[in-house]
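Numbering (the numbering used here), first residue to last: 22 to 325.
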């Protein structure tokens, strides 16, 4: 089989891990070009060209791991309009413009994949996609943000919010500016992607009723988690006290956990690490495997 050329935009933790998988893995793939901001700091394998995003767009498959919205939106439009598969881990892009990109991919017989955009290496999108084929998903409910899980767990052990946040930052579980996580937007973006997949219609982040954890009081011994929940009728992200018997209460550290309720079949659960370069790169690599196998899937149910 002829090797497919990968144009990779972004060479951070996930991008470099993906590069290693492409080089050592079994799929007939070649890393042709890597587009980066700082060319001086990048150590690429021999034979891989450092180029612009425009050069990466000339490859057979475009993989975007750069983040942001406005500039990646331009890349995605160009790739899909040319009929090329576009693989991304960019939840902000998909939560903001996923509907437009899915329609463009459908018109151009391209492909739009984003398994790594939710859950890192935990196959949340894959599980929802599989169960959505039944047409009977009633509810999705889960813990999808590691930062708030870490903070709320620490607060339940007696630390103050400020102490828990500082500890999370020291452990690498929270950004220097944690507002996107503690304000609930990270979870809201992930939820809108999952809900769009579950019911086959793109639903924007603006539809999510979002409440973060800033200013929240958690009593010592209390179990509180930032719960993302969606049905056909609505979507919400908010901190909730949980009974210790609730499976969501067991999520700790960087673990993500998702419950999918299917009519007539019960509750299905998927859990695993929600962060880490290698596991996230593995989800991107799994998307590439589908393309190598001849599939041309489009996120949000437009085409399988």
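Glycine included, C-beta positions come from ideal geometry on N, C-alpha and C.
Which of helix, strand or coil DSSP assigns to residue 106
The answer is strand: DSSP assigns residue 106 an E or B state.
Rounded separation between residue 96 and residue 131 - CA only:
Distance between the alpha carbons of residue 96 and residue 131 is about 14 Å.
If the criterion is Cβ atoms closer than 9 Å, does the pair residue 250 and residue 212 meet it?
Yes, they are a contact pair.
Excluding sequence positions up to five away, which residues of its chain have a Cβ less than 7 Å from the Cβ of residue 78?
For residue 78, where only same-chain residues beyond five positions count, the Cβ hits under 7 Å are 28, 96, 99, 100.
Quick check: the stretch 223-236 against the stretch 140-157, are at least 3 beta-carbon pairs closer than 8 Å?
As far as the Cβ criterion goes, the stretch 140-157 does not touch the stretch 223-236, which means the pair count is below three.
Alpha helix (DSSP H) segment containing residue 303, residue limits:
Residues 298-313.
From the DSSP output, in three-state form, read off residue 245 for me.
Three-state DSSP puts residue 245 in a strand.
Residue range of the unbroken alpha helix (DSSP H) whose run includes residue 259
Note, residue 259: premise wrong, no alpha helix (DSSP H); beta strand (DSSP E) at 256-262.
Which whole-angstrom value is the C-beta distance of residue 115 and residue 140, which I expect to be below 8 Å?
About 13 Å separates the two Cβ atoms, so there is no contact after all.
For residue 90, collect the residues of the same chain with a Cβ closer than 6 Å to its Cβ; drop the 5 residues on either side in sequence, then sort them by chain order.
These residues qualify, in order along the chain: 113, 114, 117.
Where residue 238 falls, given that 16 or more other Cβ within 10 Å makes a residue buried:
Here residue 238 is exposed. Its C-beta has fewer than 16 other C-beta atoms within 10 Å.
CB of residue 108 within 9 Å of CB of residue 309, strictly:
Contact flag set, yes.
Would you kindly work out how many angstroms separate the C-alpha atoms of residue 320 and residue 191, rounded to a whole number?
Going from the Cα of residue 320 to the Cα of residue 191 covers about 36 Å.
Counting along the chain, where does the beta strand (DSSP E) carrying residue 85 start and finish?
Start and end: 82-85.
Span separating the alpha-carbon of residue 227 from that of residue 23:
Note on geometry: alpha-carbon atoms of residue 227 and residue 23 lie some 43 Å from one another.
What's the call for residue 305, buried or exposed, on a 16-neighbour Cβ count within 10 Å?
Per the 10 Å Cβ criterion, buried.
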